[in-house]
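S.K.:
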């Protein structure tokens, strides 16, 4: 009921007039039901030589037909318009709810990903829901009216009705079978989209061409497409066979009912008009059971789609609730208090009982092997993940308040828009502040790049667009660095391999600027800077180095102290120094 109530409420909010106008179609269906009655009156009047009855029947039939078609046209038009408008309304709502999810935890869970995929794939189904709901109302009115008019003509019409009622018993089975098919096809459907996107991506196309992967990718795409379609196709075949058997049962029952009706007319138990009325209605009765079955199936589909939307709304509302942090734990800088995190479906913690206090203005480097927990720790600090246990605060508030943080990721986004967007998205409230964007571009090393573009800050980026220009990996990274530096007043700035695509000299200039130079001054004394890197250039300039291993902090201290103690940091430093000396030799 919650799903139906939401559907009606949203439809009314979108357009009360269109919503009410759609019910004119129901009046048209009622007038359509009166046609067999007027036809029976016409035939009865002609056979029994009652011209008044015949004239009334003819006039009634003509009026019902004319007004009925007019009402149907108006109502159907309103229903379709409402469906389109409500579909767009729900599309916007889904995007809004997904955008309000405060963490990325839903992206770590396969089951949640599958459910979100089904929802986004069926965005139009939510708009279609109001169409189906109105269709249900109209069909129920028409079906009940048809049954009533049929049994008033002859009680034998109840025989095909019983056969049709038997067919309705399979409705729930069909709904469950379709739901299972949707669930079974969700994961291969997601993989199909992934492969299709990979084949359409320019950089992936280069990789596929060099390694001669096209044939393999096409075969894989064909396999997952078949796996995606197979559950639906199998269910469709079973449903078609079932509906065929139900149709045969109905027409046998309808034939028997008509034979018995004619027999009653031959012995004078019913009139010729009643026979005409029954003959006209028997074809409609053939559609009543399938109509009710189809209506029920469509209603259940809409409810399933609405339930998925409500699940997403409830999840977003639950995640939006701020984590409770003990007041005596709050402090300036970044406080990680006995924080642990376990990814959905994992058997062990990715981060285990980590406690750190990072001072305001401190530059901290996180080091460790792949899988040691560095990125998980950064995501907890940024509020993108919530600790399974423990707490994380930034500037004395929960990390989920991301107005206080900024980041540059190794897997940065290439916004194929304009440099203004590519940089300004880091602080959307100042996206139109040209001077501020230029300062951020200068700090990130992107000012010369933007100045050299023909269109400057309004240049279209990406060769897939008319007039668009392509950028190198390093140039895209410079824009990402500028985007990360554009937000002022951040309490925490995180860099995850921020200079991986830069040449060594550009990396040195950027790291020095961020550690002690202009970029550091622009961030302010209250901003804690966290680096995740495999290169030790940043580590040598850091105030503190934190080494992680298997989700735990195993070392921390100044670079000088850690080199002196001879632990893991010293080992990494020695390995990179040897490699550097080998390259020079």
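Residue numbers (my numbering): 128 to 712.
Every residue, glycine too, gets a C-beta built ideally from N, C-alpha and C.
#1: Taking the straight line between their C-alpha atoms, what separation do you get for residue 632 and residue 663?
#2: Touch check for the stretch 174 to 192 and the stretch 217 to 230: three-plus C-beta pairs under 8 Å?
#3: Enumerate, from N- to C-terminal direction, the unbroken beta strand (DSSP E) stretches of 3 or more residues contained entirely within the stretch 451 to 508.
#4: Excluding sequence positions up to five away, which residues of its chain have a Cβ less than 6 Å from the Cβ of residue 158?
#5: I need the straight-line Cα distance from residue 269 to residue 150, nearest angstrom please.
#6: Going by C-alpha to C-alpha distance, which of 606, 246 and 468 sits closest to residue 501?
#7: In three-state DSSP terms, what is residue 601?
#8: Taking residue 356 as the reference, which of 386, 231, 320 and 316 has the closest Cα?
#9: How about residue 672 and residue 686: do their beta carbons lie closer than 7 Å?
#10: Any idea if residue 143 is buried or exposed, counting beta-carbon neighbours within 10 angstroms, 16 or more meaning buried?
#11: Tell me whether residue 578 sits in a helix, a strand or coil according to DSSP, three-state version.
#12: Let me make sure I understand the geometry here. Which of 406, 474 and 699 has the alpha-carbon closest to that of residue 496?
#13: Taking its Cβ as the centre, do 16 or more other Cβ atoms sit within 10 Å of residue 480, making it buried, or is it exposed?
#14: So what's residue 157 in DSSP terms, helix, strand or just coil?
#15: Please classify residue 366: does DSSP put it in a helix, a strand, or coil?
#16: Under the three-state reduction of DSSP, which class applies to residue 618: helix, strand or coil?
#17: Which runs of the beta strand (DSSP E), 3 residues or longer, sit entirely within the stretch 628 to 701?
#18: Following the continuous alpha helix (DSSP H) through residue 180, name the residue where it begins and the one where it ends.
#19: On the three-state DSSP scale, how would you describe residue 135?
#20: With H, G and I counted as helix, E and B as strand and the rest as coil, what does DSSP make of residue 396?
#21: If we ignore side chains and look at the alpha-carbon of each, how far apart do residue 556 and residue 486 end up?
#22: Given that a residue counts as buried once 16 or more other Cβ atoms are within 10 Å of its Cβ, and exposed if not, what is residue 271?
#23: Would DSSP call residue 535 helix, strand or coil?
#24: Within 10 angstroms of its Cβ, does residue 509 collect 16 or more other Cβ (buried), or is it exposed?
#25: Would residue 567 pass as a contact of residue 613 if the rule is Cβ separation under 7 Å?
#26: Would you check if there are 3 or more beta carbon pairs closer than 8 Å linking the stretch 272 to 280 to the stretch 368 to 377?
#27: Do you know whose CA, among 666, 166 and 140, lies nearest residue 399's CA?
#28: What number of angstroms, rounded off, separates the C-alpha of residue 637 from the C-alpha of residue 578?
#29: Within 10 angstroms of the Cβ of residue 603, are there 16 or more other Cβ atoms? Answer buried if so, exposed if not.
#30: List the endpoints of the continuous beta strand (DSSP E) containing residue 521.
#31: Skipping 5 residues on each side, what residues in its chain have a beta carbon closer than 6 Å to that of residue 154?
#32: Report yes if the CB atom of residue 642 is closer than 7 Å to the CB atom of residue 462, and no otherwise.
#33: Rounding to the nearest angstrom, what Cα-Cα distance links residue 391 and residue 189 in this structure?
#34: Exposed or buried, residue 324, counting other C-beta atoms within 10 Å across all chains shown (16 or more means buried)?
#35: Does DSSP put residue 712 in a helix, in a strand, or in coil?
#36: Can you find the residues in the same chain that come closer than 8 Å, C-beta to C-beta, to residue 139, ignoring five residues on each side of it along the sequence?
M.R.: The short version:
#1: Locating residue 632 in the chain shown gives position 505, counting from the first residue. Locating residue 663 in the chain shown gives position 536, counting from the first residue. Rounded to whole angstroms, the gap between the alpha carbons of residue 632 and residue 663 is 14 Å.
#2: Taking 8 Å as the limit for Cβ pairs, the verdict is that the stretch 217 to 230 does not touch the stretch 174 to 192.
#3: DSSP runs (the beta strand (DSSP E)) wholly in the stretch 451 to 508: 461 to 468, 478 to 485 and 490 to 494.
#4: Here residue 158 refers to the residue found at position 31 of the chain shown. Closer than 6 Å at Cβ, skipping near neighbours: 191, 194 and 195.
#5: Position 142 of the chain shown, counting from 1, holds the residue named residue 269. Position 23 of the chain shown, counting from 1, holds the residue named residue 150. Between residue 269 and residue 150, the C-alpha separation is close to 13 Å.
#6: Numbered from its first residue, the chain shown carries residue 501 at position 374. Cα-wise, what sits closest to residue 501 is 468.
#7: Within the chain shown, the letter at position 474 stands for residue 601. Correct three-state label for residue 601: helix.
#8: In the chain shown, residue 356 corresponds to position 229, counting from 1. Checked all of 386, 231, 320 and 316; the closest Cα to residue 356 is 316.
#9: In the chain shown, counting from the first residue as 1, residue 672 sits at position 545. In the chain shown, counting from the first residue as 1, residue 686 sits at position 559. With contacts defined as CB atoms closer than 7 Å, residue 672 and residue 686 qualify as a contacting pair.
#10: Position 16 of the chain shown, counting from 1, holds the residue named residue 143. Residue 143 is classed as exposed because its beta carbon has fewer than 16 other beta carbons within 10 Å across all chains shown.
#11: Numbered from its first residue, the chain shown carries residue 578 at position 451. In the structure shown, residue 578 sits in a helix (DSSP, three-state: H, G or I).
#12: Working through the chain shown from its first residue, we reach residue 496 at position 369. If we check each option's Cα against that of residue 496, 699 comes out closest.
#13: As a first step, residue 480 is located in the chain shown; it is residue number 353 there, counting from the start. Counting Cβ neighbours within 10 Å, residue 480 comes out exposed, since fewer than 16 surround it.
#14: Counting from one through the chain shown, the residue named residue 157 turns up at place 30. DSSP places residue 157 in helix when its eight states are reduced to three.
#15: Position 239 of the chain shown, counted from the first residue, corresponds to residue 366. Of the three classes helix, strand and coil, the one that applies to residue 366 here is helix, per DSSP.
#16: Position 491 of the chain shown, counted from the start, is the residue given in the question as residue 618. Residue state, collapsed to three classes: coil.
#17: Runs found: 655 to 659, 671 to 676 and 679 to 684.
#18: In the chain shown, residue 180 corresponds to position 53, counting from 1. Element bounds for residue 180: 178 to 227.
#19: In the chain shown, residue 135 corresponds to position 8, counting from 1. Looking at residue 135 - three-state DSSP - the assignment turns out to be helix.
#20: Residue mapping note: residue 396 aligns to position 269 of the chain shown, counting from 1. Per DSSP, reduced to three states, the secondary structure at residue 396 is coil, with no helix or strand assignment.
#21: Against the chain shown, residue 556 aligns to sequence position 429. Against the chain shown, residue 486 aligns to sequence position 359. One C-alpha to the other measures close to 28 Å.
#22: Mapped onto the chain shown, residue 271 falls at position 144. Classification of residue 271: exposed, given that the 10 Å Cβ count is below 16.
#23: Translated into positions along the chain shown, residue 535 becomes position 408. Per DSSP, reduced to three states, the secondary structure at residue 535 is strand.
#24: For this step, residue 509 is matched to residue 382 along the chain shown. With 16 or more other Cβ atoms within 10 Å, it is buried.
#25: Counting from one through the chain shown, the residue named residue 567 turns up at place 440. Counting from one through the chain shown, the residue named residue 613 turns up at place 486. Their beta carbons are under 7 Å apart, which means residue 567 touches residue 613 by this criterion.
#26: Cβ pair count under 8 Å is below three, so no.
#27: As a working note, residue 399 is residue 272 in the chain shown. For residue 399, the closest of 666, 166 and 140 by C-alpha to C-alpha distance is 166.
#28: The residue you call residue 637 lines up with position 510 of the chain shown. The residue you call residue 578 lines up with position 451 of the chain shown. Using only the alpha carbons, I get a separation of about 19 Å.
#29: Position 476 of the chain shown, counting from 1, holds the residue named residue 603. So residue 603 ends up on the buried side.
#30: The residue labelled residue 521 in the question sits at position 394 within the chain shown. It spans 516 to 521 - the beta strand (DSSP E) in which residue 521 sits, taken as one unbroken run.
#31: Looking up residue 154 in the chain shown gives position 27. Result list for residue 154: 198, in chain order.
#32: The count along the chain shown starts at 1 and reaches residue 642 at position 515. The count along the chain shown starts at 1 and reaches residue 462 at position 335. Going by C-beta atoms, residue 642 is not nearer than 7 Å to residue 462.
#33: Along the chain shown, read from residue 1 onward, the residue named residue 391 stands at position 264. Along the chain shown, read from residue 1 onward, the residue named residue 189 stands at position 62. Roughly 29 Å separates the two Cα atoms.
#34: The count along the chain shown starts at 1 and reaches residue 324 at position 197. So residue 324 ends up on the exposed side.
#35: Position 585 of the chain shown, counted from the start, is the residue given in the question as residue 712. Note that residue 712 scores 49 on pLDDT, short of 50, meaning its location in the model is unreliable; the coordinates nonetheless yield the value given after this. It is coil, neither helix nor strand.
#36: Here the question's residue 139 lines up with position 12 in the chain shown. The beta carbon of residue 139 lies closer than 8 Å to those of 146 in the same chain, with the five residues before and after it left out.
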